[in-house]
Each structure stands twice: as C-alpha cells, then as structure tokens.
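**Q** Each residue of the sequence shown is one higher than the one before, counting from 1 in our numbering.
Sending over a structure as structure tokens; questions will come in a sec.
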Amino acid sequence: MKIHILGSLSGTEPKPDRHHTSWVLELDNGDLYMFDAGENCGRSAYLMGLDLFKLKAVFISHSHIDHTGGLLHLFGVIRKMRDLSGDETPQKIALFLPRPDIGEPLLRLLDACHTYPKNTEIIPQMLTDGGNFAECGITVEFKGNNHIKVAENLPPESFSFRISAENKFITASGDVHGVEEIMDWCSAGCDVVLMESGHHSPPEICARWKELDCPLKKIIFFHHGREYLNFPQETLRKCRRLWGRKVNFADDCSTFEI
Ligand SMILES: [Zn+2]
Ligand SMILES: [Zn+2]
C-alpha cells in the first residue's frame, strides 16, 4: 500500500509549494482513504493521478480550516471528473466528521454550488472516542485527543487515528496537544507513524520515542511548523541522529511505499 501526501503544511499563512494538511492511504486493491482535507487536496489528488472514484471514506481529524478547507473542492473535482468521463458507476463515500454541524451544511453548499457529484452518495458520520470504521481490508480506530479543548462532559472534537490494513499498522497523530496522547499506539509498535510537527519540536518527539524504546519502523513528519520550515536540514539531522533513515519529512505530492 501507499501513503500519498497531498498537503504537508500546518495552518500557516500560504507558502509556496506546500498546502495545508491532507493525505491518502491507497490499498493494493486501489481503494483510497483520505485523512484530512486541507485546501487543494482534490487538486493534488487529481494531479497525482489518484482515482477519486475509488475514494471510500474521508476522515476529518478536527474542524480547523487547515484540515477542512479543501472539502468542498474535493467533491467538486469528483463532480467534474464524473461529468468529463461519463462514468456512472455508483460511489459511496463515508465522511467521518468531528462535529455534528459540518455534514449537512456542506452537502447543502455542494448543492448550492451545483457541484454535488452525480451518482455519488456522501454519507456524513460522527467520529467517536474509541469508535472505529471497519470494512473489508481496513480498520480505522478513532481516539479523542486534547488538541481542541472541550468541557469535560462534552465529547472530544479532535481525533487521532490508528489504521490497520494489509497486516500493517499506521498511527496518524492528527493535531495533538502532546505526543503522549498517541504514545500507547507508538509503544505497541507501528509500521508507520505520521506525526504532525506544527505544534511540536520533531527532535524532541524523536527523543521521547527513543527514551520509551518505541518499536517504530518508519516515521513521517508532516503538518510542518516553523521549526522544520525555517531549519529543514538541521531539524532532519537532529532527528536522524536518533532514528537514522527511518525519519522522513514529507513534501506535497510525495508518495511512501509501505
Ligand atoms: Zn492543523
Ligand atoms: Zn488544529
């Protein structure tokens, strides 16, 4: 399977050659699962040659605009491709959302913009702490985190994910308050950990994983923040001193074979 990075940037002001956060898991059977939908995700997916008619589900870790800004356009791209190709094969896309007030307005906006994709059913659903999505070949576990503070009696509004597919585990941090929030999954071992570096120092996170002796096979930092953007070589060097070539920093439109 493959991980395609559609956008590698945290919620900064616009930057050349990087867009806000979005990535896609492509299984060997061609099915696509998208995680977060920052600006430009539909455009990048199309230009990378991904077959969006194979998109099965979209998981939005939280509602911040650097994770949601491209949702409307993503479905607009699918609509355009439907129109151009004449392909009328029915498609169902599960849209997992962190809040109940996004799904219906989004569907109404798609209608108002005349861009709801034909022959496509978009099915908004809620992420829940401890919940999961499971279908043939893939399971995605949801864990609430403290990136967005909510009152104690309210459900979480920001989530991390652990994906198992093709006998491999991928931990995807989403935005997190601290790396400790996903440490149980990291300690259990993963083939890939996709870690946001927008709110954290990558070398410090690498040191913490080392300290706890986490069995990580591949580390991909993305959702880049100032430390990596301002000092890319130095940051990479510090991380690789601890983890060698297991550490990678993603660029937009990069693909990792898993
Ligand atoms: Zn973010
Ligand atoms: Zn955020």
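Even glycine gets a Cβ: it sits at the ideal position worked out from N, Cα and C.
Enumerate, from N- to C-terminal direction, the unbroken beta strand (DSSP E) stretches of 3 or more residues contained entirely within the stretch 126-180.
**A** 132-135, 138-144, 159-165, 168-172
**Q** Would you check if the distance between the CB atom of F161 and the CB atom of E180 is smaller than 8 angstroms?
**A** no
**Q** With distances taken between CB atoms, is the gap from S61 to D31 smaller than 8 angstroms?
**A** no
**Q** Out of curiosity, what's the CA-to-CA distance linking S8 and H19?
**A** 6 angstroms
**Q** Cβ of F256 within 8 angstroms of Cβ of K2?
**A** yes
**Q** With the cut-off set at 8 angstroms, would you say G260 and G225 are in Cβ contact?
**A** Nothing about residue 260 can be read from this structure; the chain reaches only from 1 to 258.
**Q** Use the C-beta contact count for H114: other C-beta atoms within 10 angstroms, 16 or more gives buried, fewer gives exposed.
**A** exposed
**Q** Leaving aside the five residues before and after G42 along the sequence, list all residues of the same chain whose C-beta is less than 8 angstroms from its C-beta, in chain order.
**A** Answer for G42: L52, G70, H73, L74, F75, G76, V77, I78, listed in chain order.
**Q** Runs of 3 residues minimum, wholly inside the stretch 39-122: which ones carry the beta strand (DSSP E) assignment?
**A** 55-59, 91-97
**Q** Give the straight-line distance between the Cα atoms of L216 and V193, rounded to the nearest whole angstrom.
**A** Using only the alpha carbons, I get a separation of about 7 angstroms.
**Q** Check each residue's C-beta against every heavy atom of ligand 1 and list, in chain order, those closer than 7 angstroms.
**A** S10, G11, T21, H64, D66, H67, D175, E196, G198, H223
**Q** Assuming contact is defined by CB atoms lying nearer than 8 angstroms, are D191 and I122 in contact in what I supplied?
**A** no
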